[in-house]
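Novice: Pasting in a structure now, in structure tokens, and then I'll have a few things to ask.
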Amino acid sequence: MWKPLRARRVVTSEEGFTFLEVMITLALLSIAFVAILSAVVTMISTTDQHKVLAKGENAVRTLGEVVKSETANPFVPCAASTPASTYQAKAVAAGNFSGLTPTVISVKSWDGNSPATFTDCPAADNGAQLITVRVTGTSLGRPVTQTLTVIKRKP
Numbered sequence: 164m165w166k167p168l169r170a171r172r173v174v175t176s177e178e179g180f181t182f183l184e185v186m187i188t189l190a191l192l193s194i195a196f197v198a199i200l201s202a203v204v205t206m207i208s209t210t211d212q213h214k215v216l217a218k219g220e221n222a223v224r225t226l227g228e229v230v231k232s233e234t235a236n237p238f239v240p241c242a243a244s245t246p247a248s249t250y251q252a253k254a255v256a257a258g259n260f261s262g263l264t265p266t267v268i269s270v271k272s273w274d275g276n277s278p279a280t281f282t283d284c285p286a287a288d289n290g291a292q293l294i295t296v297r298v299t300g301t302s303l304g305r306p307v308t309q310t311l312t313v314i315k316r317k318p
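Heads up: the sequence shown begins at 164 in my numbering, then just goes up one per residue.
Encoded structure:
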């Protein structure tokens, strides 16, 4: 048997969000977006800063190893009065410093005392030298300066 069709109910109320609710939602989403964006910018800036520090530290360690190496940079007695420039010239020739400037700042000679103390060259050379090296320059637009002190012994 056939049932008569019922008439559909007509909705007359206009349901939805008010303008104020939409504006509050947009304001909250905007605040969240700004917070996330500033966190991303801070992360990128920090990553760049760490890259610069790592590059400088790697370069100064390379310079220190080249200066200490007896094959790349043989021991120069302090009496020669120019061990810093000799060590620097050979280190620059042997190392790859990718845009940074390596410098041998000072060479001091061990005076034979215990505990060890060092005096500026030229002085009597007892077979050990305290050598301070530095790399300077810019990386990713930021200044880089790293300093390292190594001890070189006469073979």
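For glycine and all other residues, C-beta sits at the position ideal for the given N, C-alpha and C.
My output table needs one value for THR209: the three-state DSSP class, helix, strand or coil.
Specialist: Looking up residue 209 in the sequence shown gives position 46. Reduced to three states, the DSSP call for THR209 is helix.
Novice: Look at the alpha carbon of LYS317 and the alpha carbon of THR225, and state the distance between them as a whole number of angstroms.
Specialist: Counting from one through the sequence shown, the residue named residue 317 turns up at place 154. Counting from one through the sequence shown, the residue named residue 225 turns up at place 62. Roughly 20 angstroms between the two C-alpha positions.
Novice: Can you check which of these residues, GLN251, GLY275, GLY219, THR234, is closest to GLY262 by C-alpha distance?
Specialist: Taking the sequence shown and counting its residues from 1, one reaches residue 262 at position 99. Per the Cα distances, GLY219.
Novice: Assuming contact is defined by CB atoms lying nearer than 9 angstroms, are VAL223 and ARG305 in contact in what I supplied?
Specialist: The residue you call residue 223 lines up with position 60 of the sequence shown. The residue you call residue 305 lines up with position 142 of the sequence shown. Not in contact: VAL223 and ARG305 (Cβ atoms no closer than 9 angstroms).
Novice: Assuming ASP274 and THR280 form a contact by the criterion Cβ under 8 angstroms, report the distance between their Cβ atoms to the nearest whole angstrom.
Specialist: Working through the sequence shown from its first residue, we reach residue 274 at position 111. Working through the sequence shown from its first residue, we reach residue 280 at position 117. Taking a contact as a CB-CB distance under 8 angstroms, the pair ASP274 and THR280 counts as one, their CB atoms being some 6 angstroms apart.
Novice: Using CA coordinates, which residue listed in GLN251, ALA254, THR282 is at the minimum distance from CYS241?
Specialist: Translated into the one-based positions of the sequence shown, residue 241 becomes position 78. Comparing Cα-Cα distances from CYS241 to each of GLN251, ALA254, THR282, the minimum goes to THR282.
Novice: Could you tell me which residues DSSP pairs with LEU293 in its beta bridges?
Specialist: The residue given as residue 293 occupies position 130 in the sequence shown. Beta-bridge pairing links LEU293 to LYS271, ILE314.
Novice: Would you list the residues sitting across from LYS281 in a DSSP beta bridge?
Specialist: Locating residue 281 in the sequence shown gives position 118, where the first residue counts as 1. According to the sequence shown, residue 281 is Phe rather than Lys. Paired residues: TRP273.
Novice: Pick out whichever of SER248, VAL185, ILE314 has its Cα sitting closest to the Cα of GLN292.
Specialist: As a working mapping, residue 292 is identified with position 129 in the sequence shown. Taking only the C-alpha atoms, the option nearest GLN292 is ILE314.
Novice: With distances taken Cα to Cα, identify the nearest neighbour of LEU303 among LEU191, ALA217, THR312.
Specialist: Here residue 303 refers to the residue found at position 140 when the sequence shown is read from its first residue. Selected option, being the one with the closest Cα: ALA217.
Novice: According to DSSP, is THR249 helix, strand or coil?
Specialist: Within the sequence shown, numbered from 1, the residue matching residue 249 stands at position 86. Helix, per DSSP.
Novice: Check each candidate in PRO278, ASN276, GLU228 and name the one with the smallest Cα separation from ALA257.
Specialist: Taking the sequence shown and counting its residues from 1, the one referred to as residue 257 is at position 94. Closest option to ALA257, Cα to Cα, is GLU228.
Novice: Going straight from the alpha carbon of THR210 to that of THR301, what length do you get?
Specialist: To locate residue 210, count along the sequence shown from 1; it is residue 47. To locate residue 301, count along the sequence shown from 1; it is residue 138. Taking the straight line joining both Cα atoms gives about 16 angstroms.
Novice: Go ahead and pull the three-state DSSP assignment for SER193.
Specialist: As a working note, residue 193 is residue 30 in the sequence shown. Residue state, collapsed to three classes: helix.
Novice: Among VAL307, SER277, PRO265, ASN276, which has the Cα closest to the Cα of THR295?
Specialist: Position 132 of the sequence shown, counting from 1, holds the residue named residue 295. When each option's Cα is compared against that of THR295, the closest is PRO265.
Novice: DSSP three-state label for SER232, please.
Specialist: Along the sequence shown, read from residue 1 onward, the residue named residue 232 stands at position 69. If DSSP states are grouped into helix, strand and coil, SER232 belongs with coil.
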